[in-house]
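**Student:** Dumping the structure here so I can ask a few things about it.
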Amino acid sequence: MARSIHHARNNRATGRHASQRSASHGSATTGEGSQRTTIGTPPHVEPPKKRGRKTGSQTKLRLPQQGAKVALKPKGDMQFSYVNYKPPYKYTTQLGVILKREYPDLIEDKDEHGHVVGKHAALEWDDYFLNTKSVETSGERVLSEFWHLFKVAEEDQEEAGRILETYLKKRVKDMMYQARVEAVKEYYRTLGEELDDKLACPIELEDDRYLKGKIKWCPPEVWPELCRYWCSKEFLAKRKRGQKARLESDDIAQNHGGSRPFTETQQHIEITYGPEKATPLNVYVVMKSGINNVDTTGRYGAIRSRKAKKCMETYTSRR
């Protein structure tokens, strides 16, 4: 059964040291240089655009309507499509809620003799399986709650488990990347400033200022450790390397498709404009130009990314 997939994770190793953790938390770095800030010199901030959710609002965990789970179909390497389009809730948003609700307490680092040599905050999906003090690990609870809300056909269960594992690895990485950005934004709110992600991302705070920007879903005992980690030489060095790679990139083919992943965007286009408009190439271009720029016939709008334009031109020239 699909619900039993999470039991396969019980054999994970528990003796990894915190220094082995990845500090980059995703590739979504900005092209701007990092800056240390002081209380007396906050950056000049233009009023952010009125888009996205309101400050402090949170997506809530949903329950299956009348016990009917949302049916999914594996699609590609890391996504699902919906058997019935426009479900009452989506796997992307619900997993975001579950991952934050089940975020682990501090994880013990042990040597080869089983002696505790330190503790660290969870930074990766694998860390969700290292808090073994409870009957179930955080990772097992995440998977159990997911399969309480969603289902797949019996013949798709193995593939669904693989896709979910891949998706969760990236999702936790992105979540922890965004956690630091949210901490910066929260700190500046204490100063009466409102920052959007673009302004907050390049800012690096001192440990005591990160502490003042605590985000709601992080356990109190974990927050100081996470703040220290963001100020560590390891994290700052890897962050700097990521920013350098970003700056040296010719162009960034950024998506402008809103919060929908590729598969969901493809389903939306197929339902709204017809299957002939839902080809992989057209969906790719729509995500680069923005779903709101699609006209009534399903034709995409202007593409701002040079890299996306080049990819499309190269592909079409070979057809």
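Each step along the sequence shown adds one to the number in full-length UniProt numbering, with nothing skipped, and position 196 is 196.
Cβ atoms here follow ideal geometry from the backbone N, Cα and C, with glycine treated the same way.
Bear in mind the structure is a predicted one, so any value in this text is a computation, not a measurement.
1) Figure out for me which residue from Val142, Arg304, Gln243, Asn293 has the closest Cα to the Cα of Ile203.
2) List the endpoints of the continuous alpha helix (DSSP H) containing Ser138.
3) Nearest by alpha-carbon distance to Arg136: which of Pro104, Tyr91, Glu206, Thr265 is it?
4) Comparing the CB of Glu186 with every heavy atom of the ligand SAH, is any distance shorter than 6 Å?
5) Apart from the five residues on each side of it in sequence, which residues of its chain come closer than 6 Å, Cβ to Cβ, to Gly301?
6) DSSP has Pro220 in a bridge; who is on the other side?
7) In the DSSP assignment, find the unbroken alpha helix (DSSP H) run with Phe235 in it and report its ends.
8) Once DSSP output is grouped into helix, strand and coil, what is the label at Lys214?
9) Tell me the DSSP bridge mates of Ile107?
10) Per the DSSP calculation, Ser81 is bridged to which residue(s)?
11) By DSSP, does Ala68 sit in helix, in strand, or in coil?
12) Going by beta carbon distance, what residues of the same chain come within less than 6 Å of Leu72, once the five residues before and after it are set aside?
13) Using DSSP with H/G/I as helix, E/B as strand and the rest coil, what is Glu154?
14) In whole angstroms, give me the CA-to-CA distance for Thr265 and Lys60.
15) Spell out a yes or no on whether the stretch 106-116 and the stretch 177-192 are touching, meaning 3 or more CB-CB pairs, one atom from each, closer than 8 Å.
16) What is the residue span of the alpha helix (DSSP H) that Pro280 lies within?
17) So what's Pro48 in DSSP terms, helix, strand or just coil?
18) Between which two residues does the alpha helix (DSSP H) holding Tyr91 run?
19) Have a look at Lys69, Thr93, Ala179, Asp126 and flag the residue whose alpha-carbon is nearest the alpha-carbon of Asn84.
20) Taking the beta carbon of Gln65 as the centre, do at least 16 other beta carbons fall within 10 Å, making it buried, or is it exposed?
21) Mind checking residue 320: buried by the 16 CB within 10 Å criterion, or exposed?
**Tutor:** Answer, in terms of the structure:
1) The residue labelled residue 203 in the question sits at position 203 within the sequence shown. The shortest Cα separation from Ile203 among Val142, Arg304, Gln243, Asn293 belongs to Gln243.
2) If you number the sequence shown from 1, residue 138 lands on position 138. Segment 138-149, the alpha helix (DSSP H) holding Ser138.
3) Taking the first residue of the sequence shown as position 1, residue 136 is located at position 136. According to the sequence shown, residue 136 is Glu rather than Arg. Out of Pro104, Tyr91, Glu206, Thr265, Pro104 has the C-alpha closest to the C-alpha of Glu136.
4) Absence of the ligand SAH is noted for the structure shown, with no ligands found whatsoever.
5) As a working note, residue 301 is residue 301 in the sequence shown. Correct list, in chain order: Ser289, Asn293.
6) Your numbering for residue 220 matches position 220 in the sequence shown. Bridge pairing for Pro220: absent [DSSP].
7) Indexing the sequence shown from 1 puts residue 235 at position 235. Boundaries of the alpha helix (DSSP H) harbouring Phe235: 233-248, taken from the DSSP string.
8) Translated into the one-based positions of the sequence shown, residue 214 becomes position 214. Secondary structure at Lys214: coil, using DSSP grouped into helix, strand and coil.
9) For the purposes of this step, residue 107 is taken as the residue at position 107 of the sequence shown. Paired residue(s): His120.
10) Within the sequence shown, residue 81 is the residue found at index 81, counting from 1. The partner list for Ser81 (beta bridge, DSSP) reads Lys73.
11) On the sequence shown, position 68 is the one that residue 68 refers to. Three-state result, Ala68: strand.
12) As a first step, residue 72 is located in the sequence shown; it is residue number 72 there, counting from the start. Contacts found: Phe80, Phe150, Val152.
13) Along the sequence shown, one-based indexing puts residue 154 at 154. In the structure shown, Glu154 sits in a helix (DSSP, three-state: H, G or I).
14) Position 265 of the sequence shown, counted from the start, is the residue given in the question as residue 265. Position 60 of the sequence shown, counted from the start, is the residue given in the question as residue 60. Cα-Cα distance, rounded: 23 Å.
15) Cβ pair count under 8 Å is below three, so no.
16) Translated into positions along the sequence shown, residue 280 becomes position 280. Judged by DSSP secondary structure, Pro280 falls within the alpha helix (DSSP H) whose first and last residues are 280-289.
17) Sequence index remark: in the sequence shown, residue 48 carries index 48 (1-based). Because the pLDDT of Pro48 is 48, which lies under 50, any placement of that residue in the model is unreliable, and the question is left without a value.
18) Sequence index remark: in the sequence shown, residue 91 carries index 91 (1-based). Judged by DSSP secondary structure, Tyr91 falls within the alpha helix (DSSP H) whose first and last residues are 91-101.
19) As a first step, residue 84 must be located in the sequence shown, where it is residue number 84. If we check each option's Cα against that of Asn84, Lys69 comes out closest.
20) The residue labelled residue 65 in the question sits at position 65 within the sequence shown. By the beta-carbon neighbour count (other beta carbons within 10 angstroms, threshold 16), Gln65 is exposed.
21) Past the boundaries of the shown model lies residue 320; the chain is included only from 1 to 319, so the question cannot be answered.
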